[in-house]
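Under numbering that gives the first Met the number 0, the first residue of the sequence shown is numbered 0, with each subsequent residue one higher. Have a look at the structure below before the remarks.
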Amino acid sequence: MDYFWLLLFPMHLDQKVSLKPFHTFGMEVQARYFVEPHTREEILTLLNYRSMIRMPFLILGCGSNILFTKNFNGLVIRINSKGIEYKEQDDGTVKVTAEAGENWDEFVQYCVAQGWAGLENLSLIPGTVGAAPVQDIGAYGVEVKDLVESVHFVEIDTGIERRFNREQCCFGYRDSIFKNSLKGKVIILDVTFHLHKALPGGISGTYSLKLDYGQIREELRLKNIGHPGMAEVREAVCSIRRRKLPDPVEIGNAGSFFKNPLVQNERKDHLLELYPMMPWYPEQKDKQQPGEDTENKGRVKVPAAWLIEQCGWKGYRDGDAGVHPHQSLVLVNYGNATGMQILDLMNRIISSVYSRFGITLEPEVNIL
Ligand code: EPU
0 MDYFWLLLFP
10 MHLDQKVSLK
20 PFHTFGMEVQ
30 ARYFVEPHTR
40 EEILTLLNYR
50 SMIRMPFLIL
60 GCGSNILFTK
70 NFNGLVIRIN
80 SKGIEYKEQD
90 DGTVKVTAEA
100 GENWDEFVQY
110 CVAQGWAGLE
120 NLSLIPGTVG
130 AAPVQDIGAY
140 GVEVKDLVES
150 VHFVEIDTGI
160 ERRFNREQCC
170 FGYRDSIFKN
180 SLKGKVIILD
190 VTFHLHKALP
200 GGISGTYSLK
210 LDYGQIREEL
220 RLKNIGHPGM
230 AEVREAVCSI
240 RRRKLPDPVE
250 IGNAGSFFKN
260 PLVQNERKDH
270 LLELYPMMPW
280 YPEQKDKQQP
290 GEDTENKGRV
300 KVPAAWLIEQ
310 CGWKGYRDGD
320 AGVHPHQSLV
330 LVNYGNATGM
340 QILDLMNRII
350 SSVYSRFGIT
360 LEPEVNIL
C-alpha cells in the first residue's frame, strides 16, 4: 500500500489489474488500480475520496471505443450500475431511464420486447448505456441523440449532480459535450430516452420505423418481410452487423476506427472527376451542432471505408494488427497486437489516404 487513501477506501479495490477483459480491442495492458461500482451510490461514495486520490481517473463502460497503447497509471472506474425505470406518457410515448452500466444491446432488446420503438436501428452496438451519448452512437440512419431526453451526471471534482437536456448535450456526428468541455470531468449516472409505444393500430405519435438506410430494406426484402415491425427491423440490423462487423469476442476491435470525413464541395467535385464511383452523402442539416458556422453547409461526407479500401488496405494484416476484410473502417487485433502496432497501422492508413485523396482521416476511438 503506497498511498494513505488506500487504507480509507470504502470499496473493494484491485491493483495491477489486466484490462484485457475490460475493453474490446483485447490488448494486454494493466491498470494500476481498478474499482467497479455496482450502484450509483457506490459511484458517489467513490467521489468523496476524489480529493485524496492524486492520480488520473479513467471511466470505463464496456471499453468498446478505446485503444490502449500503454498501461494506465491511475484508477480505472468500471461503471457497472444496473436498473431500468419507465413512465408512460399521456400521448402514448414512454420515458425510459437506464442506469449507465446497463449493456447497450440488452437495453435495446428490452425496449423492443416491451414494444417501445426508437432504438431498434441501434441494435448490437457494443457498449453501455452511459457511453452511448458520449459519442452519439449511430447506425442505419439513427443517432442516439434523436431519442435522448436527458443525461444525468455527477461532476467528479465537486460531487454535484446535474441533468442536461438534449440541447445542452451539444450532440454532433460522433460527438457531444461529454467528449469536449466535460471530458474527464463527469461520470454519467443514467440516461433518459423518449420512445414510442407500439399500439394495436401502429406506433404512437408521428413515429415511423426508419427503413431508409438501403441495407435495411434490402435485408428485409431478402427475408421476405413486407410490413416489418420493430422486432424485424432489429433482427435485420443484427443480421447486417453480424455479417459485416467482427464480433469483439472473437476478434479484438473497437468498431469504426475512423470518423467519416467531411469534405468541402469543391474537393468532392474535383475527386469525382478523378474517381466517378466515389460515394458521398450530403451532410444533413439536422446533424449540425448548435453554433456551427455556415461554412459546414458546403460539405459532404465521404465514407472513410471507401477511401481506405481504395488505398489497398482492406484485409491487410501485419502480424496480429490488421484491417477487417469485410469493413475497412474497422482495425482489428487478431490476438497479440499491441496498441502501438495498431497506432502505427492507423498512421500509415492516414498518410496513404492523405497522399492519394488530400483528405485527413480522424480516429473515432479514444487513444490512451
Ligand atoms: N464501403 C467501402 N468499403 C468497405 C465498407 C464500406 O467502400 O469496406 C463504402 C460503401 O460505399 C458503403 C459506404 O462505405 O456504401 C458506407 O458503408 P457502411 O454502410 O458500412 O457505413 P460506414 O459509413 O462505413 C457508418 C458508421 C457505423 C455504422 C454504419 C451503418 C461511422 C464512423 N461508422 O459506417 O458505425 O454501423 O455507418 O450505419 O460513422 C461505429 O461507429 O463503430 C460503427 C460501426
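Cβ atoms here follow ideal geometry from the backbone N, Cα and C, with glycine treated the same way.
Residue i (DSSP reduced to helix, strand or coil)
i	result
Arg216	helix
Tyr353	helix
Val111	helix
Asp317	strand
Asp89	coil
Arg162	strand
Gln167	helix
Lys196	strand
His223	Correcting the residue identity first, residue 223 is Asn in this sequence and not His. Looking at Asn223 - three-state DSSP - the assignment turns out to be coil, as it is neither helix nor strand.
Arg53	coil
Ala116	strand
Phe3	helix
Phe67	coil
His269	helix
Ala304	helix
Gln326	coil
Val34	strand
Thr127	strand
Glu331	One point to set straight first is that residue 331 is Val, not Glu, in the sequence displayed. The answer is strand: DSSP assigns Val331 an E or B state.
Val28	coil
Val248	coil
Gly297	helix
Glu444	In the structure displayed, the chain extends from 0 to 367; residue 444 sits before or after that span and is not available.
Leu373	No answer is possible for residue 373: it lies beyond the span of the chain, which begins at 0 and ends at 367.
Ser238	helix
Leu12	coil
Ile348	helix
Glu40	helix
Glu101	coil
Asn72	strand
Beta carbon of residue i nearer than 7 angstroms to that of residue j
i	j	result
Glu119	Val232	yes
His193	Glu148	yes
Pro132	Cys61	no
His22	Ile65	yes
His195	Ala116	yes
Glu98	Asp211	no
Lys313	Asn259	no
Phe170	Lys209	no
Asn252	Val364	no
Leu367	Ser255	no
Arg298	Glu272	no
Val153	Glu160	yes
Tyr172	Val236	no
Met54	Gly25	no
Cys310	Arg355	yes
Whole-angstrom C-beta distance between residue j and residue i, which should lie under 8 angstroms
i	j	result
Gly334	Asp319	5 angstroms
Gln377	Ile239	Outside the shown range of the chain (0 to 367) lies residue 377, about which nothing can therefore be said.
Leu46	Ile155	6 angstroms
Glu40	Met10	Rounded, the Cβ-Cβ distance is 11 angstroms, inconsistent with contact.
Thr96	Glu84	5 angstroms
Met43	Gly158	Here residue 43 is Leu; the residue named in the question, Met, does not match the sequence. Right, their Cβ atoms sit about 7 angstroms apart.
Phe71	Gly338	With a Cβ gap of about 11 angstroms, Phe71 and Gly338 do not count as contacting.
DSSP beta-bridge partners of residue i
i	result
Thr337	Thr337 pairs with nothing; no bridge assigned.
Phe257	Pro362
Asp135	Answer is none; Asp135 lacks a bridge partner.
Asp373	Residue 373 lies beyond the stretch modelled for the chain, which goes from 0 to 367, so this question has no answer here.
Thr96	Glu84 and Thr191
Glu407	Residue 407 falls outside the range modelled here, since the chain spans only 0 to 367, and no answer is possible.
Arg77	Leu59
Glu231	DSSP output for Glu231 lists no bridge partner at all.
Proximity test, residue i beta-carbon vs ligand 3 heavy atom, cut-off 6 angstroms
i	result
Glu119	Within the structure as shown, ligand 3 is missing, the only ligands being ligand 1.
Given 8 angstroms, three or more beta-carbon pairs between the segment 108-115 and the segment 174-186: no
Would you call the segment 232-248 and the segment 317-325 in contact, with 3 or more CB pairs under 8 angstroms? yes
Stretch-stretch touch, CB-based, cutoff 8 angstroms, three pairs: the segment 344-351 with the segment 43-60: no
Any contact between the segment 4-15 and the segment 24-40? By contact I mean 3 or more CB pairs, one from each, below 8 angstroms. yes
Does the segment 165-183 come close enough to the segment 71-86 to have 3 or more Cβ pairs within less than 8 angstroms? no
Evaluate contact between the segment 298-315 and the segment 260-277, counting only Cβ atoms and requiring at least three cross-stretch pairs below 8 angstroms. yes
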